[in-house]
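**Q**
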Amino acid sequence: MAPIKPSIMIFIRPLTFVVFFFSSLTSMSLNAQPIKYIDNTDSVDKHGAYFISVLKLALEKSKVKYGDYAIEGVPVAMRQERQFKSIESGLIDLMWTVTSTRREENALAIRIPLLKGLIGHRVLVINKTKEASFANIKSLAQLAELSAIQGHDWPDVYVLENAGLKVEKTISHSSMYKLVAGNIVDYFPRSLLEVIEEMESNGDDSLIIDPHHLLVYPSAIYFFVTKQNKQLAERIKFGLKAALADGSFDTHFYAYPGHSKALQQIPVDNRIIFRLENPIMSNSTPIQDKSLWLNLN
Numbered sequence: 363m364a365p366i367k368p369s370i371m372i373f374i375r376p377l378t379f380v381v382f383f384f385s386s387l388t389s390m391s392l393n394a395q396p397i398k399y400i401d402n403t404d405s406v407d408k409h410g411a412y413f414i415s416v417l418k419l420a421l422e423k424s425k426v427k428y429g430d431y432a433i434e435g436v437p438v439a440m441r442q443e444r445q446f447k448s449i450e451s452g453l454i455d456l457m458w459t460v461t462s463t464r465r466e467e468n469a470l471a472i473r474i475p476l477l478k479g480l481i482g483h484r485v486l487v488i489n490k491t492k493e494a495s496f497a498n499i500k501s502l503a504q505l506a507e508l509s510a511i512q513g514h515d516w517p518d519v520y521v522l523e524n525a526g527l528k529v530e531k532t533i534s535h536s537s538m539y540k541l542v543a544g545n546i547v548d549y550f551p552r553s554l555l556e557v558i559e560e561m562e563s564n565g566d567d568s569l570i571i572d573p574h575h576l577l578v579y580p581s582a583i584y585f586f587v588t589k590q591n592k593q594l595a596e597r598i599k600f601g602l603k604a605a606l607a608d609g610s611f612d613t614h615f616y617a618y619p620g621h622s623k624a625l626q627q628i629p630v631d632n633r634i635i636f637r638l639e640n641p642i643m644s645n646s647t648p649i650q651d652k653s654l655w656l657n658l659n
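First residue of the sequence shown: 363, per our numbering; consecutive thereafter.
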């Protein structure tokens, strides 16, 4: 399948996403058992709104087979690994996060990449005073001389370190941008779909997106449920497949404001691309199903 070019998306109105997101709030039945998730979208990471809306889309598409639904955000901040324990304990029913072999052993993954694989297309957020030095980086070995920052429990740490890159870890998402701004670390790899929204929220004009490089590796964000909740997994999978089949998943993906901005504003054609292996990607990943993935390069 030919790559979908960002220029195609300029005609999709972000209003489509907004209308769907808020109209879905009224679709919850008082009689339906709530499906609980952690609503910990903070002032930096606004992307949670997209995943909540995709969940609603899947549940709406599955109503004809599985009946009505309700969802409930549990307003508590919680790191990724702790969320897996919360699924197991029943505090929440569902989460979304980057997959790994170990995570798929501990919970039931619905193997439909919610970001079409672009979570593994990483631009580098840098201090603008270092733009000239980054322009001189032509090899992965040169990049390995510098330090990246990542969350301590993110699977991406293993991908980057496996490629020989130096990675510092922290538990605070918001502090990662501050560490780059303060020149404590050299760069912060972010998915090109996340970075525009995050930098707008961050509002630090000392930071820029390095225009010279792109890290690319196989990766996916999935919905996860406990292995005991196969019915919920089957329902979400049914709904997502229905949305993929009728085109509403793609319409929704491109209409999300953060995605449309990123695909229009971040060119990838003239970047040096460093392709990395993902040693913790499950062999069950549906890589061969081209309808699930978007390749920009």
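Backbone N, C-alpha and C define an ideal beta-carbon position, used for all residues, glycine too.
For isoleucine 635 and tyrosine 549, I'd like the C-alpha separation in whole angstroms.
**A** To locate residue 635, count along the sequence shown from 1; it is residue 273. To locate residue 549, count along the sequence shown from 1; it is residue 187. So the two alpha carbons sit approximately 16 Å from each other.
**Q** Would alanine 624 pass as a contact of isoleucine 558 if the rule is Cβ separation under 8 Å?
**A** To locate residue 624, count along the sequence shown from 1; it is residue 262. To locate residue 558, count along the sequence shown from 1; it is residue 196. It is a contact, given that the beta carbons lie within the stated cut-off.
**Q** Determine the direct distance from the alpha carbon of leucine 453 to that of proline 437, and round the result to whole angstroms.
**A** Indexing the sequence shown from 1 puts residue 437 at position 75. Indexing the sequence shown from 1 puts residue 453 at position 91. Going from the Cα of proline 437 to the Cα of leucine 453 covers about 12 Å.
**Q** Should glutamate 556 be labelled buried (16 or more other beta-carbon atoms within 10 Å of its own) or exposed?
**A** Taking the sequence shown and counting its residues from 1, one reaches residue 556 at position 194. Buried: at least 16 other Cβ atoms inside 10 Å.
**Q** From the DSSP output, in three-state form, read off isoleucine 449 for me.
**A** Against the sequence shown, residue 449 aligns to sequence position 87. Isoleucine 449 falls in the helix class under three-state DSSP.
**Q** Given that a residue counts as buried once 16 or more other Cβ atoms are within 10 Å of its Cβ, and exposed if not, what is glycine 601?
**A** By one-based count along the sequence shown, residue 601 stands at place 239. Residue environment for glycine 601: buried (at least 16 other C-beta atoms within 10 angstroms of its C-beta).
**Q** What do you get for lysine 398, buried or exposed, if any count of 16 or more other CB atoms within 10 angstroms of its CB means buried?
**A** Locating residue 398 in the sequence shown gives position 36, where the first residue counts as 1. By the 10 Å Cβ count, lysine 398 comes out buried.
**Q** Please list, in chain order, all residues of the same chain as phenylalanine 611 whose beta carbon is under 6 Å from its beta carbon, the five residues on each side excluded.
**A** On the sequence shown, residue 611 is found 249 positions in, with the first residue counted as 1. If we look at phenylalanine 611 and ignore the five residues flanking it on each side, its Cβ neighbours are Ala605.
**Q** Name the residue from Leu421, Pro580, Gly609 whose alpha carbon lies nearest to the alpha carbon of serine 462.
**A** Here residue 462 is taken as the residue at index 100 of the sequence shown, counted from 1. For serine 462, the nearest C-alpha among the options comes from Pro580.
**Q** Is it buried or exposed, glycine 479, if we count other Cβ atoms within 10 angstroms and call 16 or more buried?
**A** The residue given as residue 479 occupies position 117 in the sequence shown. By the neighbour-count rule (16 or more Cβ atoms within 10 Å), glycine 479 is buried.
**Q** Measuring CB to CB, does tyrosine 431 end up less than 8 Å from leucine 421?
**A** To locate residue 431, count along the sequence shown from 1; it is residue 69. To locate residue 421, count along the sequence shown from 1; it is residue 59. Against a cut-off of 8 Å, the Cβ pair of leucine 421 and tyrosine 431 comes out as a contact.
**Q** Could you check how far apart the C-beta atoms of tyrosine 539 and leucine 569 are, in whole angstroms? I think they sit under 8 Å.
**A** Numbered from its first residue, the sequence shown carries residue 539 at position 177. Numbered from its first residue, the sequence shown carries residue 569 at position 207. For tyrosine 539 against leucine 569, the beta-carbon gap comes to about 6 Å, under 8 Å, which counts as contact.
**Q** Please report the straight-line C-alpha distance between aspartate 608 and proline 475, rounded to a whole angstrom.
**A** Start at 1 with the first residue of the sequence shown, and residue 608 comes out as number 246. Start at 1 with the first residue of the sequence shown, and residue 475 comes out as number 113. Distance between the alpha carbons of aspartate 608 and proline 475 is about 17 Å.
**Q** Please report the straight-line C-alpha distance between alanine 494 and histidine 621, rounded to a whole angstrom.
**A** On the sequence shown, position 132 is the one that residue 494 refers to. On the sequence shown, position 259 is the one that residue 621 refers to. The alpha-carbon atoms of alanine 494 and histidine 621 are separated by roughly 28 Å.
**Q** Mind checking valine 426: buried by the 16 CB within 10 Å criterion, or exposed?
**A** Start at 1 with the first residue of the sequence shown, and residue 426 comes out as number 64. Flag for valine 426 reads exposed.
**Q** Going by DSSP, what residue range makes up the alpha helix (DSSP H) through histidine 409?
**A** Looking up residue 409 in the sequence shown gives position 47. Counting along the chain, histidine 409 falls outside any alpha helix (DSSP H), and DSSP gives it neither H nor E.
**Q** Under three-state DSSP, which class holds glutamate 530?
**A** Counted from its first residue, the sequence shown places residue 530 at position 168. Glutamate 530: strand per DSSP, three-state reduction.
**Q** Check the C-beta distance from arginine 473 over to proline 648 and give it rounded, since I have them as a contact under 8 Å.
**A** By 1-based counting over the sequence shown, the position of residue 473 is 111. By 1-based counting over the sequence shown, the position of residue 648 is 286. The pair is a contact, with the Cβ atoms about 6 Å apart (cut-off 8 Å).
**Q** Rounded to whole angstroms, what's the CA-CA distance from lysine 603 to glutamine 627? Just pull it up for me.
**A** Taking the first residue of the sequence shown as 1, we reach residue 603 at position 241. Taking the first residue of the sequence shown as 1, we reach residue 627 at position 265. Distance between the alpha carbons of lysine 603 and glutamine 627: 29 Å.
**Q** So if DSSP puts valine 460 in a beta bridge, which residue, or which two residues, is it bridged to?
**A** Taking the sequence shown and counting its residues from 1, the one referred to as residue 460 is at position 98. Per DSSP, Ile583.
**Q** Nearest CA to the CA of proline 573: which residue from Leu638, Val630, Trp458?
**A** What you label residue 573 is simply residue 211 of the sequence shown in a count that begins at 1. The candidate whose alpha carbon is nearest that of proline 573 is Val630.
**Q** Going by the beta-carbon positions, is the gap between aspartate 401 and valine 587 smaller than 8 Å?
**A** What you label residue 401 is simply residue 39 of the sequence shown in a count that begins at 1. What you label residue 587 is simply residue 225 of the sequence shown in a count that begins at 1. Cβ atoms of aspartate 401 and valine 587: not closer than 8 Å.
**Q** For lysine 589, collect the residues of the same chain with a Cβ closer than 7 Å to its Cβ; drop the 5 residues on either side in sequence, then sort them by chain order.
**A** As a first step, residue 589 is located in the sequence shown; it is residue number 227 there, counting from the start. Same-chain partners within the cutoff: Ala469, Leu470.
**Q** In the DSSP output, which residue or residues are listed as bridge partners for histidine 483?
**A** Here residue 483 refers to the residue found at position 121 when the sequence shown is read from its first residue. Val578.
**Q** Which same chain residues, not among the five before or five after histidine 514, have their C-beta less than 7 Å away from its C-beta?
**A** In the sequence shown, residue 514 corresponds to position 152, counting from 1. So the list reads Lys531, Thr532, Ile533, once near-sequence residues are dropped.
**Q** Out of curiosity, what's the CA-to-CA distance linking arginine 597 and lysine 423?
**A** As a position in the sequence shown, residue 597 is number 235, starting the count at 1. As a position in the sequence shown, residue 423 is number 61, starting the count at 1. Those two C-alpha atoms are separated by around 9 Å.
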